[in-house]
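Position 133 (the sequence shown) corresponds to 133 in the UniProt record's numbering; numbering is contiguous. What follows is one structure encoded as structure tokens, with my remarks underneath.
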Amino acid sequence: MKQAHAGAQAISRRSFLRLAGLGGAIYVSGLSGWSSAAAPPGGANEDFFFIQLSDTHWGFEGAPNPDAHGTLQKAVAAVNSLEQVPDFIVFTGDLTHTTDDPQERRQRLREFKDIAAGLKVKNVHFMPGEHDASLDHGEAYQEFFGKTHYSFAHKGVNFIVIDNVSDPTGAIGETQLAWLADELRQLPPQARIVVFTHRPLFDLYPQWDWATRDGAKAVELLQAHANVTVFYGHIHQEHHHMTGHIAHHAAKSLIFPLPAPGSQPKRTPLPWDDAYPYRGLGYRQVAAEAAKPMDYQLTELPVLKG
């Protein structure tokens, strides 16, 4: 299991290359220009880290994951075994696998919530994926987890959760965009902002539904702020992209990996490898530095310890 460390100084390009040469996977997204004099509300400017889990698809059965009923529990155990306790945990959507049966949908959400309750860290944030919410506009999801979009602050960082899945067309919608604009108006231009969403806000590969229909409007609103980073799921693989100065980072899935965008004719899951079980599955540890310029250090960790 790899470790991520938040130090007092930003990691240099030379240090990054040394770490990468050791076989690690450590990614750094620099956020420059933040001033402690303009720190937003929400706590002191302290280093911290959180865990991102995504695309658990509870209720999925069959190939390519023969351990579909056990992988989520193994991920919970892996997170619980971390020596350093994270400040919080966030699930970036597709908590459950889609079903046309409203009763079965609620049963899966209930079972997922019960398993997630086994996390030692009780500060856990949830958001829906299209598998949870698109068939009923998030009605069942809200019965178990509350609002589908919201904001919170932690140690001087402003976190914004955007729902781009409850609308079955894959849009954020004008009402939520107006809410986002109002949230951002309350923050100074140098505020430190982290956005969580399920689908990518940019057009990664629309042919595979890897986009948000009006995501460009959200990105345009966010561009007015200097320090913005987006974490998302949906594509079941690690991916990094820039829209101007905004860094977008995708997380691996906890059920099955998907191919690189456009690398094969169809968006079919990658096969299970008996020689390397759980390959391509994992979760992410994100360490946040309060140093100037502010950095996020990302480390992808496997479901099972190596």
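Idealized CB from N, CA, C, for every residue including glycine.
Counting beta carbon pairs with one atom in the segment 101-120 and one in the segment 159-171, are three or more of them shorter than 8 Å? Result no; under three Cβ-Cβ pairs closer than 8 Å.
Alpha carbon of Q73 to alpha carbon of D182, nearest angstrom: Roughly 39 Å between the two C-alpha positions.
Answer yes or no: do L222 and I246 have a C-beta to C-beta separation smaller than 8 Å? The Cβ-Cβ distance between L222 and I246 falls below 8 Å.
Alpha-carbon spacing of P259 relative to R267, whole angstroms: Each residue's alpha carbon lies about 7 Å from the other.
Would you call the CB atoms of V219 and L201 closer than 8 Å? Remark: C-beta atoms of V219 and L201 approach each other more closely than 8 Å.
Best match in D114, Y150 and I115 for proximity to residue 317 [C-alpha to C-alpha]: Any answer about residue 317 is impossible in this case: the structure gives the chain only from 1 up to 306.
At what residue ranges does the segment 53-87 contain a whole run of the alpha helix (DSSP H), taking only runs of 4 or more? Runs of the alpha helix (DSSP H) spanning 4 or more residues and lying entirely within the segment 53-87 occur at 71-80, in chain order.
Excluding the five sequence neighbours on either side, which residues of its own chain have a C-beta within less than 7 Å of the C-beta of P265, listed in chain order? No residues qualify anywhere along the chain.
Please state the DSSP three-state secondary structure of I115. In the displayed model, I115 falls within a helix according to three-state DSSP.
Limits of the alpha helix (DSSP H) - the one that H131 falls within: H131 -> alpha helix (DSSP H) spans E130 to A133.
Check Q107 in the structure and name its three-state DSSP category. DSSP, reduced to helix, strand and coil, places Q107 within a helical segment of the structure shown.
Just how far apart, CA to CA, sit residue 307 and H241? This structure gives no information on residue 307, because the portion of the chain shown stretches from 1 to 306.
Nearest to Y278 (by Cα), restricted to the options H248, E289 and H236: Restricting attention to H248, E289 and H236, the CA atom closest to the CA of Y278 is found in H236.
Taking a contact to mean a Cβ-Cβ separation below 8 Å, would you say D94 touches T148 in this structure? At the C-beta level, D94 and T148 stay beyond 8 Å of one another.
Express the C-alpha separation of E46 and V124 in angstroms, rounding to a whole number. One C-alpha to the other measures close to 19 Å.
Own chain partners of V76 with C-beta closer than 8 Å, once the 5 adjacent residues on each side are dropped: Cβ-Cβ distances below 8 Å link V76 to I115, A116, G118 and L119 in the same chain, with the five nearest sequence neighbours on each side left out; the list follows chain order.
At 4 residues or longer, what runs of the alpha helix (DSSP H) sit wholly inside the segment 129-207? As far as the segment 129-207 is concerned, its whole alpha helix (DSSP H) runs of at least 4 residues are 130-133, 139-145 and 174-185.
Would you kindly report the start and end of the unbroken alpha helix (DSSP H) that includes residue 307? Nothing about residue 307 can be read from this structure; the chain reaches only from 1 to 306.
For the beta strand (DSSP E) containing G282, name the first residue and the last one. Element bounds for G282: G282 to A288.
Per DSSP, which residues does P302 bridge with? Please list them. For P302, the beta-bridge partners assigned by DSSP are G282.
Going by CA-CA distance only, name the one from L184, T96 and Q186 that's closest to F144. The shortest Cα separation from F144 among L184, T96 and Q186 belongs to T96.
Are P64 and P271 touching if we call contact CB-CB under 8 Å? With respect to the 8 Å criterion, P64 and P271 are classified as neighbours on the basis of their beta carbons.
Exposure label - S166; buried when at least 16 CB within 10 Å: Looking at its Cβ environment, which holds 16 or more other Cβ atoms inside 10 Å, S166 is buried.
Quick one: what's got a C-beta closer than 6 Å to L53's C-beta in the same chain, skipping five residues either side? Short of 6 Å from the beta carbon of L53, and not among the five residues preceding or following it, lie these beta carbons of its own chain, in chain order: F91 and Y283.
Spatial distance of N164 from R199 (CA atoms): Going by the C-alpha atoms only, they are around 7 Å apart.
Could you check which residue in G59, V157, P269 and T197 has the C-alpha nearest to that of Y296? Scanning G59, V157, P269 and T197 for the CA closest to the CA of Y296 turns up V157.
Assuming I232 and T197 form a contact by the criterion Cβ under 8 Å, report the distance between their Cβ atoms to the nearest whole angstrom. The amino acid occupying residue 232 in the given sequence is Tyr; Ile does not appear at that position. With a Cβ gap of about 5 Å, Y232 and T197 count as contacting.
Please return the same chain residues whose Cβ sits closer than 6 Å to the Cβ of A133, not counting the five positions on each side in sequence. The answer, listed in chain order, is Y141, V165 and S166.
Of the choices P257, T243, V161 and I255, whose alpha-carbon is the least far from that of W179? Selection P257, T243, V161 and I255 evaluated against W179 yields V161 as nearest (Cα-Cα).
Measuring only the C-alpha atoms, how far is I51 from I89? For I51 and I89, the distance between alpha carbons rounds to 5 Å.
Work out the CA separation of A250 and A4 for me, nearest whole Å. For A4, the predicted model reports a pLDDT of 34, less than 50, meaning its position is unreliable and no value from the coordinates is stated.
May I ask which residues mark the beginning and end of the beta strand (DSSP E) holding A250? I246 to A250 is the extent of the beta strand (DSSP E) around A250.
What residues in its chain sit with their C-beta under 8 Å from that of G215, if we drop five residues either side in the sequence? Excluding the 5 residues flanking it on each side, G215 has same chain C-beta neighbours closer than 8 Å at N164, I172, R199, P200, L201, F202 and D203, in chain order.
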